[in-house]
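These notes concern the structure reproduced below.
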Amino acid sequence: APTDEPAPITELTSSLPAATTAVDEVRWGLVEGEPRSLVPGADYNFVWPNICDSLLRVSPDFGIEPGLAERAEFVDPVTFVINLRQGVTFSDGSAVTPEDVVFSLERSRQDVMSPYFGAFVLVSTIEVTGENQVTVNFTAPDSIFREAMTGGPGAILSKTFSEQQGPALGTSAGEILCAGPYALESWTPGSDITLVANDGYWDGAPLVQKLVFSFIPDGTTLTNALLAGEIDGAFNVPPASRAAFEDSDEGRLIVGPSTASFSFGPTRTDGPGANPKIRQALSMAIDREQYIQTVLNGLGEAQSTFVAPFTWEGSEAASVYQAAYDALPEPAFDLEAARALVEESGEDPSVPIRIAIPAGSKELSQTAAIVQAAAQQIGLTVEIDERQAADFASLFLPDPAARESVDFLATAGYQETPGVLTYPQLFVLPPEIGGIFNWTAYADPEVVGAVQAARTTPDPVGAAEAYVAAQEIFAPELLQVTLAGAYHTTFLNNRLTGVVTSVASYSSPWALHLGGQ
Amino acid sequence: MSAGEVVGLVGESGSGKTLTVRAVAGLLSDGLVASGTIRVDGENLAELPEQHARAVRARRLGMVFQTPRAHLNPLRTIGDFMIEALVAVGGEKPAAAESRAAELLAEVGIADPERRLRQRPSELSGGLLQRVMIAATLAMDPPLLLADEITTALDVTTQEEVMAVLADLRRSRGLAMLFITHDLALAGAVCDRIAVMQGGRIVETLQAETMRADAQHPYTQRLLSATLPPDLMQGEPATEPVLVVDGLRKTYSVRSASGGHREEFVAVDEVGFTLAPGGSLGIVGESGSGKSTTARIICGLERADSGIILVKGEDWTRVPRSTTGWRRRARIAQMVFQDPYQSLDRRQTARQCLREAISVHRPRESRPALDARVDELLEAVLLTPDLADRRPRSLSGGQRQRVAIARALAAEPEILVLDEAVSALDVTTQVEILTLLDRIRRETGVALLMISHDLSAVRRVCDHVVVMRGGRIEESGPIAEVLDRPRADYTRLLLASVPHEGWVPQRRIPTRTAALPTIATSNLPILDPQGER
Amino acid sequence: MGARTVRRLLSKIGALLLTLFLSSVVIFSAVLLTPGDPVVALAGGVRPTPEMIDAIREQYQLDQPVWVQYLSWVGSVLTGDLGTSFVYKTEVIDLIAPRFGITFLLVIYTLVLIVVFGVGSGILAAVRRGRVEQAVLVGTSLGVAMPTFVVAIVLIWIFGRVLGWFPVYGPGEGLLDNLYHLTLPAVSLAVLYIAYISRITRGAVVAQLSSEHVETARVRGIPPSRIFRRHVFLNASPQLLSVAGTTIASLFAVAAIAEHAFGLGGIGVLLTEAAARKDLPVVQTLSLMLVALFVVLNAMVDVVIAIIDPDSARPRRDA
Amino acid sequence: MSVGQIAAGRVPAISRRAAKRDPLLVAALVTLCAIALVVIAGPLISAFDPNQLYAGPISGGPSLTHPLGTDDLGRDILARVIAGGPASVIGPLVVVALSTTLGSTVALLSAWFGGWVDGILTRVIEVIFAIPGLVLAVLAVSMFGKGLVAPVIALSIAYLPVVSRLVRAGARAELGKPYMAALRIQGVSSTAILFRHLIPALLPTILAQGALGFGYAMLDLAAISFLGLGAPPPSSDWGVMIASGQPSLLNGAPEQSLFPALLVVLTVLSVNIVGARVTVWAEAKSS
Ligand SMILES: Nc1ncnc2c1ncn2[C@@H]1O[C@H](COP(=O)(O)OP(=O)(O)OP(=O)(O)O)[C@@H](O)[C@H]1O
Ligand SMILES: Nc1ncnc2c1ncn2[C@@H]1O[C@H](COP(=O)(O)OP(=O)(O)OP(=O)(O)O)[C@@H](O)[C@H]1O
Ligand SMILES: [Mg+2]
Ligand SMILES: [Mg+2]
Ligand code: NI
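Residue numbers (my numbering), protein chains in the order written: chain A, 1 to 517; chain B, 518 to 1050; chain C, 1051 to 1369; chain D, 1370 to 1656.
What follows is the structure, encoded as structure tokens:
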């Protein structure tokens, strides 16, 4: 019955057993909607990881495995050598050459607008140094570069093909050529994208001949389609429909580990959002357990800061990170203290606080409603500013003017590759050196120093120690008010198996082992 | 009824004439139940199963209605209409049916029947359509024709033609006919026997030739007296005329018969006459001859293209169509329309209506004074004050028309224009109203301009008459002179067409196949607040 | 058809063209009426980059006087160049073309349902007075009060989830499968219109049944079935046809609701999505297409009506 | 006497008479009154704040404390339905008010002046008629952004042609009747003819059309909310509630969608019944 508390999740599954039988066609639903581009970095989606292989591969439980490169590692603190696998080819059969590698890495390095730009800031040169070898030289040691090579920053595109395509590359008007387990066959705007198996894939051809992605941005429609067996599987299925998924005879709900979290954060240097006391008060006014039950239907867990523990799951220094995380205070629910904080904050409680959310996300609109109700209980007023995708995306532009009319924005953020530093540095460093989301102008010299030290310390444990020192200082500032960590949800038809069901599906060829049970 | 006999059914409105024939024809609408027997050739239709009764009716009865246009499917051709029964009931082959249809049309005197078969009802005049209806009923060669007021909507000359066709058929086919009409004179002229109905019962049945003498029932006598030729009015010696109309001309731009381009249509052409104070002038003429248009120009509802209307020496064509202009004009001429129901606002009681009409001219009048004047007017038109608080819906036709007359008198006009003011009423009421008008004229000295189809009505009320045809004046003069010693052929034709004792309908104008665009004049928009059309 | 009918039709079609022209002006002026800079309006809620600004200025000739802008807009639409969506970053034609088929099929399917059940039940109610009529009247009263999307949700629940008889997502592949998939969407769209058309049909047929020319046919002994076909239904059909004309046109817009609920990527969804994203070029083009469709359909309906009824100087169009 | 007095004076009299033999009409009127009462006085009587989270269990069924159950955030559905009432009812009301006043004015101008005024106005109406209501609403949303204001204005314009054609035809028929000519000839002023005779004569027609228009506007606005172009989330507009209750419906908790949907259907149904009766009455009055 719907009024029952959802059952707690006791076990997380990061991947399903590899399939054994071939399947002609699998239909996959994209609740995120139609991708804008299949070029890694130009858009985040579940399509490109199956088309474009990276130099290294992130394993379902966030470890690092070889990918297109047999080996890719630092030979000294400032020299990273990539040895390409012998005889790997793009899906059209042409060979993957070191030139393609240089081309692909340079794309991100030279494009300031690229989200991967940050990964390359310490790189000085990228050169072909052998028949199958590329060497990357650094101005300083970089502790996160190797991890970055497991995701989009390390994805390899065909140089000649990409140059031919020009701006159309990877859009619905053009094509894309990579070396992943599947190749793009067709893209019907507004309807679907079809991939076909790349029989020459170096890690064995997939069992699925055709992988069709349908764009179903409406959660209810997706649920209906999945439950009716019209669509074989989808990630990020709406937690609201958990009960229906669990009761289904058509397929099963798989809950996997994730780095994703629901949070809201300040958008500008002034106003109530920029006041840490207000953030702390709001944080204390929200009952996390209740939040997880309502918004996530139990498909998540409380999280003490905005970096999720799964991020360091595969790291050599995992124990250091974990110990520091455990030492952080858990988010408390205390209305009295929250009211006191509002008093102390010196903000005028009658001035409404505006929180922006993207339209169409049920979870975020519920989140906003919860924040609004919590705020009301501690004497604050919150107004919800629901924005269309494009409007909402414009909030993330570098120009602060875009964010002037709002105080907070609520998002569901995640990190698709291992590496603890990647996410927090966007918030705590000054904007000039990569803090692109540091909209409150947070500038603690100690934190900046520690974070930079963490990045340039080649030894993982040393880097971890530097980071946790910084974390101890910035975590209480609540630069993001994290409400809950969300599990990675997958619904898969009962006839199928073999997909990656952890957050690694954002950056690894998750459909490689997909096929019949 | 026996074969070849023509029986008339007369009686006032609502006496049950139509219901009687509809019961015979099996056309009673839902909710009405007929009892009793209807025997056709010995078979009781009321007891026959539905299917069988329908077959008997289809072959033994023909029915013609008052409004032929409504009774023909507007989307299908005359040919379709004629042939349908021949094929579906008579079982003839379509080709044979077509030539038969043409023969039938020719039999009712329609020229060029092949062309007519391809036309639609909208392209034919009312008289022609009525003949088509008659021809169609002949298809199954029925022994009996039911005719419900088939000529009421036609003007006298057309009426005569249709009646002539029926007389021919009776002669050639031995057709029996149940002929319903308001018009006792017409019934007397064409029927063998006449049944008089009142309140749903036949009160008496008379032989046509001797009906005047034999009539026993008071109701029949009242009907008969209503149609008796009235006394001639003595015209007062003309002093200075209150109204002088001269050279009036009005053209409309209409779409030509073939659609497409517009052409000028002269509705009123060089019309002129004078009206003495307290005098009464009749305008007669066939439908579409421009009578109403003339009247409307005089009242200011239409603007003449040229010509003058002098009222007491002032040219009224120049009075502006502003509210004050209308108010001035209102004291000169008022109008009473044909349909008394439509000419009153259905939301106003008689009293409200009169009060409004009075206060236009006496804006500062007090309530009691207004009410006193209302009572005065009601009295003038012989309405009891208890009727004053009724709305038109609950007044009879005659009472409504009295209210309309009272309203017209409220402005104390010099001239009262009556456009077919009694045509819609039944005979007894007509007489009452005409008598009333005559009395009012004598008492108040208002001059009457009376438009009518009905020559006997004109004869009763008017001292002068104008005969119009096709927008022109054919003849005019004192009533006795024109009606008793007509000079124009057309006046003679008009007079001859009026049913009277010993009247035999004749086909006088066989060439007239009237294909004029027939615009139903009563449906045209009348009020044009801007003044220009 | 006589020369008179042809002439009347030509003037009718002229009037429709004028309507088309005027509504294109209305739709065009949406850009001018949108608060703020037209460049921003045309960029569709995206903050335009300098290259985009140049492209928009170029495409819409924003430096020219308004009437030149209008002419070039209409000109390019007429020549099949529907412009570029800056939100979707594709040619508008590439957005519309692949989506049109499914919407078209859905509308046709819906229309068949409407005609069969709407006209059917309307006739039934008119002919069988009494209990059947009561049932139809109650049904249609409910029908016209049912929001399309509520019907859709209920249908998904019953037929998709509980019974599992019909698919509830997507258009399917191949014509038969398409039809199978479109069944529930078409039903959900049709319910309201069935009720509406049923009432109009009943009214029109009842009016004809009690008309005097039908009475004449009855007196003449024409068999009832023939009377119904050749007098009642034929004469009621112009009114039904003219309602059908406007119905089809509005179905293309209302289809958005069913497309949304059943995950069909048709032009209805495109239209609403584009509106939500403030993608004015797409909304304008689609609006213009729907208006043109309306005008063309009405012209066709007028032709058919003119054939049935050459005297229809002014076809009754509304209900 | 003014238009308002006539409207106020006669409609109830008619409904009283009709009530005796027309239980359906009575039911419809009672329903409408109940809905109106709830919309107006509801916020005073409802026990919960419509936006109070966790007032009850998540997606709870009907109970004594929560007669209509609770939604997916534990909010009291009754309170939300009541709070959403004004937006759901006033939207269509505004549409009807605007489209009828505008449409009638245009129609009266058209019929009164005739000639080229009529020609131009008829053309304009024709153009508006050619753009489906939903398209106009969508166009407005893409120009002015989401929310209720743009669709309400757009629908008001979109409904204009239906009203205007009807009223124009009625006005022309009325103006063509001889009593209008009689009033003219008597010298009754234009304003008096217009306000004392013409408009009262058309009022039943206009009211009947208004009732039907309300139903359509309600359905259309709910559809616009369903398509995500209407009122933004915290509002509990009935259309929004129905749409946002869908996941719960799939999980077996239909209350959140069911009750607002029932309300929409009931309101539209009742208004349609009343409208149909007014139409019959209007026809009876004018025949
Ligand atoms: N369908 C009906 N339902 C109820 N009453 C009816 C119906 N048809 C006619 N009546 C009434 O029956 C009476 C007789 O009507 P009928 O039409 O036969 O009169 P009539 O003699 O033909 O009058 P008229 O000369 O005006 O044509 C009238 O009082 C009329 O109101
Ligand atoms: N507004 C108009 N537009 C075009 N033609 C008109 C108009 N009004 C009248 N006519 C035409 O002018 C002619 C004269 O009409 P009028 O109404 O004066 O005739 P009438 O003698 O009163 O006929 P009836 O006896 O039928 O009332 C008719 O042929 C009519 O069709
Ligand atoms: Mg009669
Ligand atoms: Mg006349
Ligand atoms: Ni008043």
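Ideal Cβ placement from N, Cα and C applies to all residues, glycine included.
As the structure is a computational prediction, the values presented were derived from the model and not from experiment.
Check	Outcome
Cutoff 9 angstroms: A:Glu386 Cβ touching any chain D Cβ	yes
Contact check, C:Phe1312 vs C:Ala1240, beta carbons under 9 angstroms	no
Straight-line gap, C:Gly1064 to C:Gln1289 (C-alpha atoms, nearest Å)	22 angstroms
Cβ contact (3+ pairs, closer than 8 angstroms) linking the segment 1170 to 1188 of chain C and the segment 1328 to 1346 of chain C	no
C:Ile1206: contacting residues in chain A (beta-carbon distance under 8 angstroms)	Asn224
A:Phe245 versus A:Ala228: straight-line alpha-carbon distance, rounded	11 angstroms
Short Cβ contact (9 angstroms threshold) for A:Ser54 with A:Leu68	yes
Close Cβ partners of A:Thr259 (< 6 angstroms) along its chain, the five nearest in sequence each way excluded	Ala308, Phe310, Thr311, Tyr414, Gln415 and Val503
A:Gln86 beta carbon less than 9 angstroms from that of D:Leu1442	no
Closer than 9 angstroms to chain E by CB, D:Glu1652	Looking at the structure shown, chain E is missing, and the protein chains on hand are A, B, C and D.
Helix, strand or coil at A:Gly515 according to DSSP, with G and I counted as helix	strand
Alpha-carbon to alpha-carbon, D:Ala1416 and D:Arg1444	12 angstroms
Closer than 9 angstroms to chain C by CB, A:Phe215	yes
Min CB distance B:Glu601 to chain C below 9 angstroms	yes
C:Leu1284 at chain B interface by Cβ criterion, 9 angstroms	yes
For B:Ala1013 and B:Ser806, the rounded distance between their alpha carbons	18 angstroms
Chain-ordered residues of the segment 1430 to 1449 of chain D with a beta carbon less than 8 angstroms from chain A	Gly1430, Asp1441, Leu1442 and Gly1443
Limits of the alpha helix (DSSP H) - the one that D:Met1610 falls within	Trp1607 to Ser1613
Whole-angstrom distance between B:Gly644 and B:Ala612, CA atom to CA atom	27 angstroms
DSSP three-state assignment for D:Gly1516, whether helix, strand or coil	coil
Cβ pair C:Phe1078, C:Tyr1138 closer than 9 angstroms	no
Beta-carbon neighbours of B:Ala587, restricted to chain C and to distances below 8 angstroms	Ser1261, Glu1262 and His1263
Residue burial classification, C:His1310 (beta-carbon count within 10 angstroms, cutoff 16)	buried
Any 3 or more C-beta pairs closer than 8 angstroms across the segment 156 to 170 of chain A and the segment 15 to 26 of chain A	no
Counted within 10 angstroms of its Cβ, other Cβ atoms place B:Asp672 as buried (16 or more) or exposed	buried
As assigned by DSSP and simplified to three states, the class of D:Val1395	helix
Span separating the alpha-carbon of B:Thr1028 from that of B:Ile627	Confidence is the limiting factor: at B:Thr1028 the pLDDT is only 40, short of 50, which leaves the residue's position unreliable, though a coordinate-based value still follows. Roughly 9 angstroms separates the two Cα atoms.
C:Val1351 burial status per 10 Å Cβ neighbour count (16 or more: buried)	buried
Endpoints, beta strand (DSSP E) assigned at A:Val196	Asp192 to Ala197
Heavy atom of ligand 2 within 8 angstroms of B:Thr810 beta-carbon	yes
Nearest candidate by alpha-carbon position, reference B:Val898, set B:Arg881, B:Ser883 and B:Gln916	B:Gln916
Interface residues of the segment 1611 to 1626 of chain D facing chain A [CB-CB below 9 angstroms]	Ala1612, Ser1613, Gln1615, Pro1616, Ser1617, Leu1618, Leu1619, Asn1620, Gly1621 and Ala1622
Three or more C-beta pairs below 8 angstroms linking the segment 758 to 768 of chain B and the segment 947 to 961 of chain B	no
CB contact below 9 angstroms: C:Val1350 versus chain D	Sequence check: residue 1350 of chain C is Met here, not Val. It does not; no Cβ of chain D falls within 9 angstroms.
For A:Phe523, the three-state DSSP class (helix, strand or coil)	Here chain A covers residues 1 to 517 and nothing more, so residue 523 of chain A does not appear.
Backbone CA spacing between C:Glu1223 and C:Ile1158 [nearest angstrom]	17 angstroms
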